[in-house]
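For the sequence shown, position 132 (counting from the first letter as 1) is numbered 132 according to full-length UniProt numbering, and the numbering increases by one without interruption.
Ideal Cβ placement from N, Cα and C applies to all residues, glycine included.
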Amino acid sequence: MSVHEMKLSINGKVYEEVVESRLLLSDFLRENCGLTGTHVGCEHGVCGACTVIVNGAAVRSCLIFAVQVDHHEITTVEGLSENGQLSPLQQNFKQCHGLQCGFCTPGILLSTKDYLDKTPNPSMDDVKEMLSGHLCRCTGYDGILKAIEKTVNEKRDNQVLERS
Ligand code: FES
Ligand code: FES
């Protein structure tokens with residue numbers, strides 16, 4: 001059995017772990033770190049539920065090994081809130097009924113955060129394209145789209161206010 005020492009930052013906290021070469025990042029996060037907000041659905045890169053942010057890019061954690069993120073910075077859904085407060089995106093998912101069972105939600109939140117950080121003023125067609133890599137079996141996507149649209153509009157309004 002081949003093992004590796006690794007050190008990385010997850011949600012701003014440093015973790016030092018010894019892991020097997022074959023351990024997936026999704027299993028590492030859930031089992032070694034106790035960060036069970038990262039959900040595992042298909043385990044084949046299809047559903048998007050396991051998405052996390054690695055060094056500023058949304059990544060499907062079921063498709064990479066834990067050792068590949070040695071010395072990297074990871075954000076999971078547990079890292080989205082600040083000081084115990086849901087992020088604006090999370091609050092809008094709650095207000096707009098953007099989730100039912102919540103299985104797909106962490107992955108969608110992280111892909112959306114990554115996308116909006118890089119694309120501050122997208123069209124809803126662009127948002128739909130971004131979401132096309134995520135499967136939700138519950139919502140029909142309406143609430144999800146409303147939540148993202150509300151977040152985009154709020155960000156735009158805040159930018160206008162800051163400039164005025
Ligand atoms: S569990 Fe990783 S994409 Fe479905
Ligand atoms: S809210 Fe249930 S799978 Fe999306």
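Measure from the alpha carbon of residue i to the alpha carbon of each residue in the options, then state which is nearest.
i	options	result
Q68	D114, L24 and G133	L24
D117	L80, F93 and C96	L80
C42	E31, H71, Q95 and S26	S26
May I ask whether a heavy atom of ligand 2 can be found less than 7 angstroms away from the beta carbon of residue i?
i	result
G107	no
F93	no
G34	no
Q100	yes
Does the distance between the C-beta of residue i and the nearest non-hydrogen atom of ligand 1 fall short of 7 angstroms?
i	result
R30	no
C50	yes
G45	yes
What distance in whole Å lies between the Cβ atoms of residue j and residue i, which are believed to be in contact at a cut-off of 8 angstroms?
i	j	result
V66	V19	As written in the sequence, residue 66 is Ala, which differs from the Val given in the question. Between V19 and A66 the Cβ distance is about 5 angstroms, and since that is below 8 angstroms, they are a contact.
I74	L8	6 angstroms
Considering only the beta carbon of each residue, do residue i and residue j sit closer than 8 angstroms?
i	j	result
residue 252	K155	Nothing can be reported for residue 252: it is not among the residues displayed for the chain, which extend from 1 to 164.
G107	H39	yes
G34	T76	no
Three CB pairs or more closer than 8 angstroms across the region 43-53 and the region 130-142: yes
Three-pair Cβ contact test at 8 angstroms for the region 104-122 versus the region 141-156: yes
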